[in-house]
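Okay, structure first, notes after.
In my numbering, the protein residues as written are 230 to 561.
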């Protein structure tokens with residue numbers, strides 16, 4: 230893959246001229262795009278977004294990357310694969326996190342938002358790294374499709390060695406008023422027509438220690454890949470997602486934020502409904518905020534999926550929950 234064709238702002242030098250006393254850095258890459266035309270073969274790859282980061286100011290950097298784009302297709306049919314790569318100090322690029330897929334199974338004219346996030350808490354400090362989202366065709370491309378308004382953003386924080394534990398605040402922790410925590414990816418969950426309505430699945434969890442924050446406020450972000458298939462064109466499935474938290478010694482979790490619904494597309498464009506129906510793959514992401522937290526609490530947050538209807542099959546994968554906690558009393 231040729232990354233030199235994409236324009237980006239190189240601010241390695243500028244990033245070393247200033248210091249953030251709160252121990253965090255926000256960086257936004259330039260807006261770019263990736264185009265695929267009718268007849269493109271399997272494996273055709275185009276870089277869609279690039280960002281360069283300098284971690285020389287961080288002793289134990291943890292980074293969350295957010296990717297957003299607008300996919301617009303003209304009679305497009307096929308599957309696109311989105312993968313984040315990291316290249317540090319002129320090394321060969323290596324993949325970071327799982328791939329995310331977008332599938333359009335029936336040629337159509339459409340416009341969809343496509344976004345996800347990935348965490349990288351295994352990068353070395355004192356490195357200049359280039360991160361890039363590369364889009365590849367996983368199937369032959371029918372029609373034309375573009376990944377427009379593509380952009381990568383990154384938030385870097387210094388990760389405390391103790392932030393995974395529920396412990397009393399220490400002096401080092403008091404100097405870091407921003408906490409970034411990325412949960413582990415959950416297992417793949419399958420919802421089939423035999424799944425009963427009202428069945429619940431815990432799809433992702435993380436534990437957050439805010440004992441160092443006097444007035445904590447937390448932004449929780451969830452991302453996943455949802456693949457669906459419907460045996461006929463009139464079947465559908467609805468899955469509701471909601472965040473819950475359980476703090477300290479509470480016996481019952483309480484909901485955080487509203488409920489979010491995913492529905493397999495319902496269509497009667499093919500009359501009469503025919504087999505094999507249709508299928509597709511896309512991301513499903515959202516965020517909620519939790520600023521109603523008592524200080525010095527240790528909370529476990531969970532994303533729970535609940536089936537409402539189950540006529541079609543849905544596979545939930547690449548699930549991950551992240552948290553950015555800040556102290557609203559912080560003045561740097």
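C-beta: ideal position from N, C-alpha, C; glycine also.
Residue(s) in a DSSP beta bridge with residue i
i: residue 476; result: 528
i: residue 545; result: 418, 455
i: residue 446; result: 555
i: residue 257; result: 382
i: residue 522; result: In the DSSP output, where bridge partners are listed per residue, residue 522 has none listed.
i: residue 434; result: 531
i: residue 469; result: 490, 535
i: residue 412; result: According to DSSP, which records beta bridges pairwise, residue 412 is partnered with nothing at all.
i: residue 484; result: 473
For residue i, three-class secondary structure by DSSP
i: residue 553; result: strand
i: residue 425; result: coil
i: residue 492; result: strand
i: residue 439; result: coil
i: residue 406; result: coil
i: residue 514; result: coil
i: residue 460; result: coil
i: residue 387; result: strand
i: residue 499; result: Note that residue 499 scores a pLDDT of 48, beneath 50, so its modelled location is shaky; the value from the coordinates is reported in the next line. It is coil, neither helix nor strand.
i: residue 237; result: With a pLDDT of 37 at residue 237, under the threshold of 50, the modelled position of that residue is not reliable, and no figure is offered here.
Whole-number beta carbon distance between residue j and residue i, since they are thought to touch under 8 Å
i: residue 508; j: residue 334; result: 5 Å
i: residue 293; j: residue 346; result: 6 Å
i: residue 512; j: residue 452; result: 6 Å
i: residue 349; j: residue 315; result: 7 Å
i: residue 544; j: residue 417; result: 6 Å
i: residue 328; j: residue 311; result: 6 Å
i: residue 359; j: residue 279; result: 6 Å
i: residue 373; j: residue 443; result: That pair is no contact at about 54 Å.
i: residue 475; j: residue 529; result: 5 Å
i: residue 477; j: residue 527; result: 6 Å
i: residue 487; j: residue 556; result: At roughly 25 Å, the Cβ-Cβ gap does not stay under 8 Å, so residue 487 and residue 556 are not in contact.
i: residue 371; j: residue 305; result: 7 Å
i: residue 521; j: residue 449; result: Incorrect: roughly 13 Å between the Cβ atoms, too far for contact.
Selection from the options that minimises the alpha carbon distance to residue i
i: residue 295; options: 374, 325, 469, 353; result: 325
i: residue 533; options: 526, 473, 264; result: 473
i: residue 419; options: 548, 285, 274, 406; result: 548
i: residue 291; options: 386, 556, 487, 447; result: 386
i: residue 466; options: 433, 343, 492; result: 492
i: residue 424; options: 359, 538, 459, 406; result: 538
i: residue 380; options: 341, 429, 257; result: 257
i: residue 337; options: 358, 307, 409; result: 307
i: residue 263; options: 359, 388, 407, 364; result: 364
i: residue 356; options: 556, 362, 331, 319; result: 319
i: residue 426; options: 412, 485, 540, 455; result: 540
i: residue 514; options: 476, 455, 554; result: 455
i: residue 460; options: 444, 422, 428; result: 422
i: residue 353; options: 377, 317, 331, 340; result: 317
i: residue 269; options: 339, 367, 330, 351; result: 367
i: residue 172; options: 281, 414, 435, 289; result: A query on residue 172 cannot be resolved here, the shown segment of the chain reaching from 230 to 561 and no further.
i: residue 542; options: 457, 341, 439, 378; result: 457
i: residue 259; options: 276, 271, 518; result: 276
i: residue 516; options: 523, 481, 447; result: 447
i: residue 489; options: 480, 261, 471; result: 471
i: residue 546; options: 254, 441, 414, 439; result: 414
i: residue 273; options: 303, 309, 298, 253; result: 309
i: residue 351; options: 332, 377, 344, 410; result: 410
i: residue 485; options: 531, 523, 440, 479; result: 531
i: residue 271; options: 362, 439, 369, 434; result: 369
i: residue 377; options: 406, 344, 441; result: 344
Test: residue i CB closer than 8 Å to a CB of chain D
i: residue 314; result: Note that chain D does not occur in the displayed structure, where there is just one protein chain.
Practice prompt. Return the chain-ordered ranges of every beta strand (DSSP E) run that is complete within the segment 350–384 and spans a minimum of 3 residues.
Written response: 357–366
Practice prompt. Write down every uninterrupted run of the beta strand (DSSP E) in the segment 263–343 whose length is 3 residues or greater and which is fully enclosed by it, in chain order.
Written response: 274–283, 290–317
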